[in-house]
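Protein chains in written order, with the UniProt record's numbering: chain A, 1 to 336; chain B, 1 to 336.
Quick look at the structure:
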């Protein structure tokens, strides 16, 4: 049985690197072309598999050749695809990722409505959700599917939500049940109802989100990095008596900076950030360790074109060791 | 045996329509996705087949699945693909066509060097060139392949060249042998060595090109349309005694305007323009009739996203009948 179930998009990634996009009417040769299994759900699941975590995917592909290819590739990546629905007559999603020199990235997303998850797809996805230790929800999927998955998650599962909920009822259901909530800058605005101007602003928003239920909140705040804040209690998912507090899980926060060099392509950074955080929490690391691993995994992924990760635990550890001291000055910890 | 041999690019076309391309860092949903057999050679060959002309293609695909798919689709389109080379280890070309509302089009072309034609590919393409009535050369292919094809063309074949030759020797060989030369605005600058400012400028350039050998020259001059100029003699490809002049082929010229409504996507316009001109010349129509059919076929092709034509001879005739009177004022004919 998979430890982690990821609910999210499955598709084809077409990555084209160009020097610079031409003006209207122009043409440009591609400097590089990559055609990969992709989609946010896949990026996260592949990262978990690369970090040694048994993972299952719940999503939808079309019954075209691209859908069959996607399932075969995901299975070859070590992902349990028994919960993936192949929709008759549907066209598998295509994510075009055009990357100019300097890491300027534009996405053109063709995600036909019939390859988004429905509540029925979640119900038909088998027993993976009911047996998982972590349920990771990508909130780009429709609210009905997200809520259906929340209803099927076992009481003991750690629920992780990434993105902005589709609507009010989904937001309420997510905040009431999720242990971990993450949002990038645009999603954070949807999640908290206003743009976040800076770290102080994100800190205040995170405090309000933590008060609504989650144990850990991560909000991207642009250049400084990600604000990660958590509240006191047992480690998420740990069997613990009432009132028991894991020492690593005393109230705290961290601004974890962007690691590595200038990004080649930011695609996949958020998906892989969440995957690495989940892997670390499953490995009983505390929130600070988990946030650093997440940042290192994201840095690895943005160092090449395309959202598909290529994670090597030893390289990530070396990157963290190198950068953690260097970034110590930017680290503010212990607010409890 | 095919009447026309087209030497040109074979590939996959991916057409994505979007409202507007996002700024760097952004994403946009696709309004439409089309995945088609494409490439300039294919666009021209498909147009010829749709106009009822037996046509063969000389080009290169990779030995990937896309290459096999391209050959199967071209054969299903009625194109003789026996002269197409499948290159071991090569990746079939991909042409990405991003179309914004208003017909603003950007191409990202991934044409790996090893799916361009070599002289050896032309030699290995069988007997199609040696037996053809028309050899249609797309000058985006390497000069060595273009020159090899010219050497194999029968003396009686009408040679049509579209584009700008790669180098001086190829330019000389093309101008010495070609009966029909066409260039879009950018190519015309390469062909004649300077940009063409207006119709008068194009007229002067066409006269110089005609003096170098060709019987008919077509130069795109932007908004006014295409300047088509021809010089006196027998119809190209007709068996005729020395000095014999077909009345339709007395010295003349025509500025044929852009027909139809505002273009959705200009991709394929030039390829289909040439195909229709060739079909008309094979059908023994004079240069004026041929130019009007070419303009109508191009108008049909730019009325949808993607370069693949969908020509209907009756619709083309109706479009010509409708627009020819209307455009009569813009028509200047008879310079002889």
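Glycine included, each C-beta is placed from N, C-alpha and C at the ideal position.
All values reported here derive from a predicted model rather than from experimental measurement.
- Interface criterion met: the Cβ of residue 106 of chain A is under 9 Å from a Cβ in chain B.
- For residue 179 of chain B, not one C-beta of chain A is nearer than 9 Å to its own C-beta.
- In the three-state DSSP reduction, residue 121 of chain B falls in the helix class (H, G or I).
- Counting along the chain, the unbroken beta strand (DSSP E) around residue 138 of chain A starts and ends at 134-138.
- Under the 8 Å Cβ criterion, the segment 194-203 of chain A counts as touching the segment 219-239 of chain A, having at least three qualifying pairs.
- Burial check for residue 18 of chain B: the Cβ neighbour count within 10 Å reaches 16 or more, so the residue is buried.
- Contact with chain A is found for residue 266 of chain B, since one of that chain's Cβ atoms lies less than 9 Å from the residue's Cβ.
- Within the segment 206-237 of chain A, no alpha helix (DSSP H) run of at least 4 residues lies entirely inside it.
- With a 10 Å radius around the Cβ and a threshold of 16 neighbouring Cβ atoms, residue 8 of chain A comes out buried.
- The segment 290-299 of chain A makes contact with the segment 311-328 of chain A; the number of CB pairs closer than 8 Å reaches 3 or more.
- Shown here, residue 26 of chain A sits in coil according to DSSP, grouped into three states, outside any helix or strand.
- With the criterion set as a beta carbon lying under 8 Å from some beta carbon of chain B, the members of the segment 91-103 of chain A are 91, 94, 96, 98, 100, in sequence order.
- Taking CB atoms only, residue 68 of chain A has no neighbour in chain B less than 9 Å away.
- In the pairwise beta carbon analysis, the segment 26-37 of chain B is classified as not touching the segment 252-270 of chain B: fewer than three pairs are separated by under 8 Å.
- With respect to chain B, the C-beta atom of residue 127 of chain A has no partner C-beta closer than 9 Å.
- Sequence-distant Cβ neighbours of residue 306 of chain B in its own chain, meaning closer than 8 Å and more than five residues away, are 13, 15, 34, 36, 38, 97, 265, 267, 268.
- In the three-state scheme derived from DSSP, where H, G and I count as helix and E and B as strand, residue 17 of chain B is classed as strand.
- Per DSSP, reduced to three states, the secondary structure at residue 156 of chain B is coil, with no helix or strand assignment.
- For residue 41 of chain B, the three-state secondary structure derived from DSSP is helix.
- Taken atom to atom, the span from the alpha-carbon of residue 215 of chain B to that of residue 65 of chain A is near 48 Å.
- Residue contact check for residue 195 of chain B against chain A: no CB pair falls below 9 Å.
- Among the residues of the segment 289-308 of chain A, none has a Cβ less than 9 Å away from any Cβ of chain B.
- Taking CB atoms only, residue 89 of chain B has no neighbour in chain A less than 9 Å away.
- With 16 or more other CB atoms across the displayed protein chains lying within 10 angstroms of its CB, residue 166 of chain B is buried.
- Bounds of the beta strand (DSSP E) holding residue 96 of chain B are 93-100.
- Selection B:245, B:270, B:231 evaluated against residue 253 of chain B yields B:231 as nearest (Cα-Cα).
- Contiguous beta strand (DSSP E) elements confined to the segment 246-297 of chain A occur at 252-256, taking only those with 3 or more residues.
- Below the 8 Å Cβ cutoff, chain B contributes 16, 29, 30, 33 as neighbours of residue 110 of chain A, in chain order.
- In the DSSP annotation of this structure, the continuous segment of the alpha helix (DSSP H) that includes residue 186 of chain B starts and ends at 185-192.
- Residues of chain A whose Cβ lies closer than 8 Å to the Cβ of residue 24 of chain B are, in chain order, 100, 104, 105, 106.
- If you draw a straight line from the Cα of residue 60 of chain B to the Cα of residue 80 of chain B, it is about 14 Å long.
- Excluding residues up to 5 positions away in sequence, 138, 182, 274 lie with their Cβ nearer than 6 Å to the Cβ of residue 162 of chain A in the same chain.
- Contact between residue 58 of chain A and residue 84 of chain A holds: CB atoms are separated by about 7 Å, below the 8 Å threshold.
- The C-alpha of residue 250 of chain B lies about 7 Å from the C-alpha of residue 233 of chain B.
- For residue 21 of chain A, the chain B residues whose C-beta falls within less than 7 Å of its own C-beta are 106, listed in chain order.
- Proximity to residue 311 of chain B across B:283, B:48, B:112 peaks at B:48, based on C-alpha coordinates.
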